[in-house]
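Undergrad: Under my numbering, the first residue of the sequence shown carries the number 4, and numbering increases by one thereafter.
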Amino acid sequence: MIILMKTLQVILALGILILIHEFGHFIFAKIFGIRVDKFYLFFDAWGVKLFSTKSKWFLKLCPKAADWETEYGIGWLPLGGYCKICGMIDESMDTEQLKSEPQPWEFRSKPAWQRLFVMAGGVLFNFIFAIIMYICILGIWGEAYISNDGKQIYVNELASDLGFRNGDHIISMDDYVPENFGMLQADLARQTAEKVALLRDNDTVSIYIDQSRIGDILKTPGMFDLAVPFVVDSIPESSLNYDGGLVKGDRIVAVAGQGVEFVQDAWPVLEANAGGAVEVAVLRGCDTLMQTIQVDTTGRLGVYLPPTELATKDYDFLSAIPAGFKKTFSTIGGYIQDLKLVFTPSTEAYKSVGSFIAIGQIFPSTWDWHSFLSIIALLSIMLGVMNLIPIPALDGGHIVFTLYEIITRRKPSDKFLEVMQVIGMILIFGLMILAFGNDILRLFR
4 MIILMKTLQV ILALGILILI HEFGHFIFAK IFGIRVDKFY LFFDAWGVKL FSTKSKWFLK
64 LCPKAADWET EYGIGWLPLG GYCKICGMID ESMDTEQLKS EPQPWEFRSK PAWQRLFVMA
124 GGVLFNFIFA IIMYICILGI WGEAYISNDG KQIYVNELAS DLGFRNGDHI ISMDDYVPEN
184 FGMLQADLAR QTAEKVALLR DNDTVSIYID QSRIGDILKT PGMFDLAVPF VVDSIPESSL
244 NYDGGLVKGD RIVAVAGQGV EFVQDAWPVL EANAGGAVEV AVLRGCDTLM QTIQVDTTGR
304 LGVYLPPTEL ATKDYDFLSA IPAGFKKTFS TIGGYIQDLK LVFTPSTEAY KSVGSFIAIG
364 QIFPSTWDWH SFLSIIALLS IMLGVMNLIP IPALDGGHIV FTLYEIITRR KPSDKFLEVM
424 QVIGMILIFG LMILAFGNDI LRLFR
């Protein structure tokens, strides 16, 4: 059931994003009087179609469809979609129409600036869609995150090896001041920071990050956990330690003779005494008390800790609009930084590139509107930025060639564009193989 839910969400999300992207190309083509031969969700490889407005059964239901200029359909191969624009060399590699004289309704007959808008339309619509999604999300749910202000970190082995210590507060990474505690590890990788300023035991110290370890930072999750003092907030009636002597505000500073600064320090000791009892030192006001408390079979005391305070921002409709723009552009900037790491071989970030399998893993196992809208907004940005990469066959490649024509007033030949399209398709297939290969390796691991 979980796999089915995730699969449905992936198909729905990709379907929406592909339609939004291709509609961007479609609408600008129509604005400039360019004929669009086909508009397809997914690829109809080898002519196999799940649906087509040119099929016999549909024409019987809607005879007027025979006069439609554009064939609308759904292909069987869910690796994208396409908008086949007349007179343009695209992924269909249909060059027959280029052998005749250019017609007024063809892409190749239009001025370069119009062709530029047609090619950039898909990316533009992806970004507009993300802005709308973020405006809706912020307007309905607002924004909540753990602020980095005053927060201390609890580190794993990699972070300790890099020089971080439990209880450190991260002040800055080079000139960047992190705001969101949950993004500290991502920020450290994205900023490729060489120096991190820390507050440690009321002193400011600096550690220097070995840039050759950026790859380790990318592939080792959980570098920075939130260091939580072991302070009792409340004890439920179902707890073994209800009425056992602990009270609200008690701070446990030692368990079984081992000093405890944070709750994470106590976990190994408690797990070793699961189902038994341990002696703890409790700081209550100015007094230190010794108590014997029970440990349940899961290695927990059954007490609640004070809730982590969240930084929250609420928006009305008007204030959500500029906030949605800001959120979109900051997310675009962050993803561009991620791509920079992917194209830097020394970071090994290319090993994190994933396909639909990886995308499916980020969706929740149950339906949640906030999560779904947040994910498709992010995926829309990713799709837009990826298409701006200046690789032939992607929108970015076409945009580069068109800008070259505008600047030099020299139009690349159709043969050159055809060869570049083939090269681009090879590169894209190589990227797809890398993505699927990474996902398969992750599944085996």
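Cβ coordinates follow ideal geometry from the N, Cα and C atoms, glycine included.
Ordered along the chain, which non-local residues of its own chain (more than five positions away) have a Cβ less than 8 Å from that of D219?
TA: On the sequence shown, position 216 is the one that residue 219 refers to. So the qualifying residues of the chain are L161.
Undergrad: Since W79 and D47 should fall inside the 8 Å C-beta cutoff, what is the C-beta to C-beta distance between them, to a whole number of angstroms?
TA: Your numbering for residue 79 matches position 76 in the sequence shown. Your numbering for residue 47 matches position 44 in the sequence shown. Contact holds; Cβ gap of about 7 Å.
Undergrad: Unbroken beta strand (DSSP E) runs of length 3 or more, entirely within the segment 277 to 329: which are they?
TA: The qualifying runs are 280 to 287, 290 to 297 and 314 to 316.
Undergrad: I'd like the span of the alpha helix (DSSP H) that includes V121, first residue to last.
TA: Here the question's residue 121 lines up with position 118 in the sequence shown. Its alpha helix (DSSP H) spans residues A115 to W144.
Undergrad: What did DSSP end up calling V39 once you bin it into helix, strand or coil?
TA: Sequence index remark: in the sequence shown, residue 39 carries index 36 (1-based). Reduced to three states, the DSSP call for V39 is strand.
Undergrad: Less than 7 Å between the beta carbons of L56 and Y75, yes or no?
TA: The residue given as residue 56 occupies position 53 in the sequence shown. The residue given as residue 75 occupies position 72 in the sequence shown. According to the sequence provided, residue 56 is Thr. The question's Leu does not apply to it. Their beta carbons are under 7 Å apart, which means T56 touches Y75 by this criterion.
Undergrad: Nearest CA to the CA of Q424: which residue from K329, P393 and I436?
TA: Translated into positions along the sequence shown, residue 424 becomes position 421. The residue with the shortest Cα to Cα distance from Q424 is P393.
Undergrad: Under three-state DSSP, which class holds T207?
TA: As a working mapping, residue 207 is identified with position 204 in the sequence shown. T207 falls in the strand class under three-state DSSP.
Undergrad: Have a look at S374 and I134 and give me their C-alpha separation to the nearest angstrom.
TA: Position 371 of the sequence shown, counted from the start, is the residue given in the question as residue 374. Position 131 of the sequence shown, counted from the start, is the residue given in the question as residue 134. Each residue's Cα considered, the two are about 16 Å apart.
Undergrad: Given I426, which residues of its chain have a CB within under 6 Å of its CB, disregarding the five upstream and five downstream residues?
TA: Sequence index remark: in the sequence shown, residue 426 carries index 423 (1-based). Hits under 6 Å: P395.
Undergrad: Check whether the Cβ atoms of V298 and V281 lie closer than 7 Å to each other.
TA: Start at 1 with the first residue of the sequence shown, and residue 298 comes out as number 295. Start at 1 with the first residue of the sequence shown, and residue 281 comes out as number 278. Cβ distance < 7 Å, so V298 and V281 count as in contact.
Undergrad: Three or more beta-carbon pairs under 8 Å between the segment 55 to 69 and the segment 158 to 173, yes or no?
TA: With a cut-off of 8 Å, the segment 158 to 173 and the segment 55 to 69 do not count as touching, because too few Cβ pairs lie within range.
Undergrad: Which residues mark the beginning and the end of the alpha helix (DSSP H) in which S175 is found?
TA: Along the sequence shown, one-based indexing puts residue 175 at 172. S175 -> not in any alpha helix (DSSP H); beta strand (DSSP E) instead, spanning H172 to M176.
Undergrad: Classify A230 as helix, strand or coil using the three-state DSSP reduction.
TA: Locating residue 230 in the sequence shown gives position 227, where the first residue counts as 1. Here A230 sits in coil by DSSP.
Undergrad: Just how far apart, CA to CA, sit D398 and A275?
TA: Within the sequence shown, numbered from 1, the residue matching residue 398 stands at position 395. Within the sequence shown, numbered from 1, the residue matching residue 275 stands at position 272. Straight-line Cα distance between these residues: approximately 58 Å.
Undergrad: Does A147 pass the burial test, meaning 16 or more other C-beta atoms within 10 Å, or should it be called exposed?
TA: Walking along the sequence shown from the start, residue 147 turns up at place 144. Answer is exposed; the Cβ neighbour count stays below 16.
Undergrad: Counting along the chain, where does the alpha helix (DSSP H) carrying R254 start and finish?
TA: By one-based count along the sequence shown, residue 254 stands at place 251. No alpha helix (DSSP H) contains R254, which is instead part of the beta strand (DSSP E) from R254 to V258.
Undergrad: State buried or exposed for F346, treating a residue as buried only when at least 16 other CB atoms are found within 10 Å of its CB.
TA: Your numbering for residue 346 matches position 343 in the sequence shown. F346 is exposed by the Cβ-count criterion.
Undergrad: Who are the Cβ neighbours of Y179 in its own chain at under 8 Å, not counting the five residues just before and after it?
TA: Here the question's residue 179 lines up with position 176 in the sequence shown. Result list for Y179: D190, Q194 and A196, in chain order.
Undergrad: If you measure between the beta carbons of F120 and I23, is that distance less than 7 Å?
TA: Taking the sequence shown and counting its residues from 1, the one referred to as residue 120 is at position 117. Taking the sequence shown and counting its residues from 1, the one referred to as residue 23 is at position 20. The answer is no: Cβ separation not under 7 Å.
Undergrad: To the nearest angstrom, report how far apart P239 and L304 are at their CA atoms.
TA: In the sequence shown, residue 239 corresponds to position 236, counting from 1. In the sequence shown, residue 304 corresponds to position 301, counting from 1. Cα to Cα, P239 sits roughly 11 Å from L304.
Undergrad: Which residue comes first and which comes last in the beta strand (DSSP E) that contains K9?
TA: Within the sequence shown, the letter at position 6 stands for residue 9. First-last for K9: I5 to I34, but that is the alpha helix (DSSP H), not the beta strand (DSSP E).
Undergrad: Starting from the C-beta of I5, find all residues in its chain whose C-beta is less than 7 Å away, skip the five residues before and the five after it, and write them out in chain order.
TA: If you number the sequence shown from 1, residue 5 lands on position 2. Same-chain partners within the cutoff: S368.
Undergrad: Can you find the residues in the same chain that come closer than 8 Å, C-beta to C-beta, to L376, ignoring five residues on each side of it along the sequence?
TA: Stepping through the sequence shown from its first residue, residue 376 is reached at position 373. M136, C139 and I140, listed in sequence order.
Undergrad: Given this structure, state the Cα-to-Cα distance separating T405 from F31, to the nearest angstrom.
TA: As a position in the sequence shown, residue 405 is number 402, starting the count at 1. As a position in the sequence shown, residue 31 is number 28, starting the count at 1. Approximately 16 Å, taken between the alpha carbons.
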